[in-house]
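Everything on this sheet refers to the single structure shown next.
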DNA sequence: ATGACGGAAGTTTTCCGA
């Protein structure tokens, strides 16, 4: 089965691209971030017409996350339990596992805070958010061993995930506390699906709109799919689909896709 | 040089993203 994540940077603007991509890729589940719309504006009819159901948690202007799946998402949970946050950044749901009879997969879709800069209050919020997410996921993994965490992590885990590691050294998205937090998630019992396979050098999932970032491949790998240990051996591929980044009016992020056999 | 580009809110400019 195919699981994917895509920060669409406004679902209203990107909806035609999302519908085209669903038709072309036929993922079993697609996690979306940065919807930038309220729930009452969520384009449910268009998505259902494309053969998908949806769980979503939106807000005005910023943030907003959704899980689209071919079957009805079950046991939907919004946010991080025990972490009050008006920013809509996390949604979880159970989706049918098409290749296994031992129960559904638990999908957690997350839009990690950006942090702005390491001397910003938003960076402190990011670190608190990361700690809360980690604590919460420790329990979720016990409850749902077949768990996948997909989303825009706003963390480039290693220097090889950064087009210019010298310029980005100790900057937000690359700082040691953020990378420590990423490793902390791995330490709970996750595997970075992308790094389980040979990949081209300079593989990124986000490129700045400015300075011809995409054409010059000035990017970062900040969108990730972490799969729990019991699922890891079923993962047969993981890739970044750069095609949508080449369209007119693209998101600044490209989708990341994982295949579970 | 802290710019650029893109989206949203909403109005001629600001905030935010990464």
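In the working numbering, the protein residues as written are 1119 to 1379.
Don't be surprised by glycine CBs; every beta carbon is placed ideally from N, CA and C.
Every value quoted in this text rests on a predicted model; they were computed, and no experiment measured them.
- Taken in chain order, the whole beta strand (DSSP E) runs of length 3 or more contained in the stretch 1151-1182 are 1171-1175.
- Sequence-distant partners of residue 1203 (beyond 5 residues in either direction) whose C-beta falls short of 7 Å from its own C-beta, in its chain, are 1197.
- Exposure of residue 1178 is indicated by the presence of fewer than 16 other C-beta atoms within 10 angstroms of its C-beta.
- Going by C-alpha positions, residue 1144 is about 20 Å away from residue 1192.
- The straight-line gap separating the alpha-carbon atoms of residue 1317 and residue 1266 is approximately 21 Å.
- When the five nearest sequence neighbours on each side are left out, the beta carbons in the same chain lying within less than 6 Å of the beta carbon of residue 1309 are those of 1345, 1350, in order along the chain.
- Looking at the DSSP output, residue 1184 bridges to 1150, 1174.
- Rounded to whole angstroms, the separation of the alpha carbons of residue 1287 and residue 1367 is 30 Å.
- By the CB criterion at 8 Å, residue 1275 and residue 1297 fall inside the cutoff.
- Between the stretch 1180-1188 and the stretch 1205-1216 there are three or more C-beta pairs closer than 8 Å, enough to call the two in contact.
- Secondary structure at residue 1347: helix, using DSSP grouped into helix, strand and coil.
- Where residue 1300 is concerned, the enclosing alpha helix (DSSP H) starts and stops at 1294-1307.
- Under the DSSP assignment, residue 1257 falls outside any beta strand (DSSP E), being part of the alpha helix (DSSP H) whose first and last residues are 1239-1261.
- Note: residue 1224 is bridge-paired with 1212, 1265 in the DSSP secondary-structure output.
- Setting aside the 5 residues that flank it on each side, residue 1135 is surrounded in the same chain by 1362, 1365, each with a C-beta closer than 7 Å to its C-beta; the list follows chain order.
- Rounded to whole angstroms, the separation of the alpha carbons of residue 1201 and residue 1245 is 13 Å.
- The beta carbon of residue 1354 sits closer than 6 Å to the beta carbons of 1377, 1379 from its chain, once the five residues preceding and following it are set aside; these are given in chain order.
- Within the model, the alpha-carbon separation for residue 1214 versus residue 1190 is close to 8 Å.
- Per DSSP, the continuous beta strand (DSSP E) segment holding residue 1376 begins and ends at 1374-1378.
- In this structure, residue 1140 keeps its C-beta atom at 8 Å or more from the C-beta atom of residue 1174.
- Closest in alpha carbon position to residue 1258, among 1314, 1294, 1195, is 1195.
- Residue 1143: member of the alpha helix (DSSP H) spanning 1129-1143, first to last residue.
- The C-beta distance from residue 1322 to residue 1303 rounds to 20 Å, too long to fall under 8 Å, and the pair is not in contact.
- With contacts defined as CB atoms closer than 8 Å, residue 1342 and residue 1374 qualify as a contacting pair.
- Judged by DSSP in its simplified three-state form, residue 1199 adopts coil rather than helix or strand.
- In terms of Cα proximity to residue 1227, the closest of 1150, 1292, 1157 is 1150.
- Note: residue 1280 is bridge-paired with 1338 in the DSSP secondary-structure output.
- In this chain, residue 1291 is not harboured by any beta strand (DSSP E), its DSSP state being neither H nor E.
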